[in-house]
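The sequence shown: position 485 = 485 (UniProt numbering), numbered continuously. Even glycine gets a Cβ: it sits at the ideal position worked out from N, Cα and C.
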Amino acid sequence: MIRDEVRDCGDGAGLWGFDRRPAPSSPGMGREGITSVIVNHLKLLVGGVQLRDGVVTVSDILGRIFTRAGLHVLAMERGYASTIYGAHQYDPIVVAEEPPVSWGDPEIDILVALDYDSNPDAKEQPNRDTILRHSKYLKDGGLLVYDSSTGDIATDALERRGIKIFPIPARNIARDELKRDVVKNVVTVGALFRLLEFDRDATHLRALLEERFLRKGREIVELNLRAAQRGLEVVESVLKAKSWTDAGYRLEPRPTKGPMLLLSGNDALSIAAIRAGCRFYAGYPITPASAILEFMEEHLPKFGGRAMQGQNERESIRAAIGAAITGVRSMVGTSGPGLSLKVEEFGVSGMSEVPMVIVDTQRAGPSTGMPTKSEQGDLFLVAYGGHGEIPRIVLAPATQEECYTLMIEAHHLADKYQCPVFFLTDLNLSEGRKVVPESFFGQQAVRIDRSTLVRESDLRRDGSYKRFALTPSGISPRLVPGTVGGVIKVTGSEHDERGFVSTDPAIRKAMMEKRARKMEVYLNEDAKPPQVFGKPEGKPVLVGWGSTRPLLQEAQQRLRARGVETAVVHFTHLWPFHTAAAKPLLEKASAVIAVEQNFSGQFADVIQTYCLIPVRRIVKYNGLPIYPSDVVGGVEQILRSGAQHVRVGVEAPAPVKVSEGD
């Protein structure tokens, strides 16, 4: 979690909230006749070798400083490999004056290549991997900043597209001039700030460097500032040599108003869990859920709680069940393979009516799958997983803000209905970062309702307490072990009202119906209807769940600009499926189109089953995020040809080859 200061920007200027202003003097370089500079609106991508080139460090510095300067940052796609060292890594960042609608398409304005040597795995010709992979996504007229320590690249193909090239010998400067290899990234940061005419006096950079390094000595801070200054000087020399006055992009600080947080989804849900009264967290290291465990280990003890790293996935959920039995609000976190290992304990929680929140940060499966790629492939597992039938609730937030609000709700629902509540995020949402006003958290009411817990003063001393009492709602009074006058039995076997194991058919029937009644009450009292954007009547309706909502909203805007009116219906409360709320909305549509990041369209199957409405599908399953252009293209294909199942995400053509220069 990064605490920074930005402002409430007020009214925007279009989708991205940017304006065009005349350049200070000469025309925008590289584009004849264009005399404008793009202000406070860009998407940049930082790339390099994983765990060597400091991709995350650079993107973190940029995100922090841009946020402190009053700008909005959105970085929802972190591209890294499952290997520990040496693979390609990249981190796209959107920077805008107003909150971006979504992360947009792969196209970028600025490419920052930190890798300073050739790709040793290239068979035909050694190329810098960042340039090889991402230069095809550079917009015409964009900027390329690369480490030229091992030589220049051939630039003809890029310059024909109006791309401005800035070779920065960052590694050589750091190693030969400053005698510290580790500051090479700050050289690049200084160069980038000069290109963007941003933080020229290093006010923001100095403040951040002092926070990070002052404990190591003032000389370390000054060394990094000299590194940034050298990057600035190199850019100055390139601009002068090319007779360019600007780079075509500029970031301008804006007045700040109130504190802001640059949060990941994992940060937001962890904060919410603690505020909701969670005092026990158990987990086992697994991408991308490990950050939750690390956060809880650091912060939960400050609030009288405890975090535990189990020896394995099953031990962690069993520990959480044990803690929940004692009355402590408990949570576990995991991803794909870990969730599969916990399936038996789903049944234990449901049968013994032990409340628990289970976070599943989805990644691409099956099996080990692709641990560092995102997917929405676990819906069926959390809705149906386990033998037999148990009550369960499934929630899926769309944004960092909803990671917070829905997590608070998840703990309330688990307590009220005494069942497992599954909390579905995905890799992009869990690790992606977004600027959120701190005031948002103060505006959210935190309800800690534990009314189903029986107090000792309310307990009759005649031994008549029944832990699993048959009630009209199916919700039984719950007693914490150790309460004088009460006897509690917990079992995963079928049981009677007192918890004694039983195979009596009448008892079995009564208990199955009791547990099922809880979900009927949930649908009537607590299940939220889907959010609706636009009017569904007679229009194609785009249906989504979880983190797809922002991109669906941007796709809706793009389709409107093309003359296609649509509505967006987005679900956060997935299971039990709220048929009474969903069907009246969807049956008005001219076509229902589910957009999902999985192969088959799992939520589309749920809608068809419960609403008896045909659902068309746009799906993507190559590990990359769904982009607004994927949705726009899929919708147009469906409307044009009547396609039922559109699969998007076909690989783009091979990039233009960039060879090493002399």
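Beta-bridge analysis with DSSP links Leu-132 to no other residue. If you look at Asp-605, you'll find it in the alpha helix (DSSP H) that goes 602-611. Judged by DSSP in its simplified three-state form, Met-511 adopts helix.
For Ala-202, no beta strand (DSSP E) run applies, since DSSP gives it neither H nor E.
By the neighbour-count criterion, in which 16 or more other beta carbons inside 10 Å mark a residue as buried, Phe-468 falls on the buried side. Contact annotation: Phe-346 and Gln-602 have beta-carbon atoms that are not nearer than 7 angstroms. Cβ-Cβ distances below 8 angstroms link Ile-593 to Pro-540, Val-541, Leu-542, Val-543, Val-615, Arg-616, Arg-617, Ile-618, Gly-634, Val-635 and Ile-638 in the same chain, with the five nearest sequence neighbours on each side left out; the list follows chain order. The C-beta distance from Phe-571 to Pro-530 rounds to 5 angstroms, short enough to meet the 8 angstroms contact threshold.
Taking all protein chains shown into account, Glu-456 has fewer than 16 neighbouring C-beta atoms within 10 Å of its C-beta and is therefore exposed.
Residue burial is scored here from C-beta neighbours: Lys-489 has fewer than 16 other C-beta atoms within 10 angstroms and is therefore classed as exposed. Only residues of its own chain outside the window of five on either side were considered, and among them Ala-273, Cys-278, Tyr-281 and Val-357 have a CB closer than 6 angstroms to the CB of Met-331, listed in chain order. Beta-bridge pairing by DSSP links Asp-147 to Ile-168. Note that the C-beta distance between Val-221 and Ala-191 is not below 7 angstroms.
Residue burial annotation: Gln-443 is exposed, with fewer than 16 other C-beta atoms found within 10 angstroms of its C-beta. Judged by their CB atoms, Leu-111 and His-88 are not nearer to each other than the 7 angstroms cut-off.
Here the segment 258-271 lies against the segment 397-406, with 3 or more beta-carbon pairs under 8 angstroms apart. His-387 is classed as exposed because its beta carbon has fewer than 16 other beta carbons within 10 Å across all chains shown. Restricting attention to Leu-214, Arg-194, Glu-211 and Gly-369, the CA atom closest to the CA of Ser-237 is found in Arg-194.
Within the segment 309-390, the complete alpha helix (DSSP H) runs of at least 4 residues fall at 313-325, 336-341, 343-351 and 379-384. Looking at the backbone, the Cα of Ile-321 and that of Phe-422 are separated by about 14 angstroms. The beta carbons of Gln-556 and Val-568 sit closer together than 7 angstroms.
Val-436: member of the beta strand (DSSP E) spanning 433-437, first to last residue.
Bounds of the alpha helix (DSSP H) holding Tyr-404 are 400-417. Annotation: Val-521 to Ile-393 spans about 12 angstroms, alpha carbon to alpha carbon. Secondary structure at Gly-634: helix, using DSSP grouped into helix, strand and coil.
With a cut-off of 8 angstroms on Cβ pairs, the segment 56-73 is not in contact with the segment 167-178, counting fewer than three such pairs.
Taking the Cα positions, Asp-53 is about 6 angstroms away from Leu-114.
Rounded to whole angstroms, Leu-262 and Gly-47 show a C-alpha spacing of 21 angstroms.
With a cut-off of 8 angstroms on Cβ pairs, the segment 208-228 is in contact with the segment 174-192, counting three or more such pairs.
With fewer than 16 other CB atoms across the displayed protein chains lying within 10 angstroms of its CB, Thr-491 is exposed. As a beta-bridge residue in DSSP terms, Val-49 pairs with His-88.
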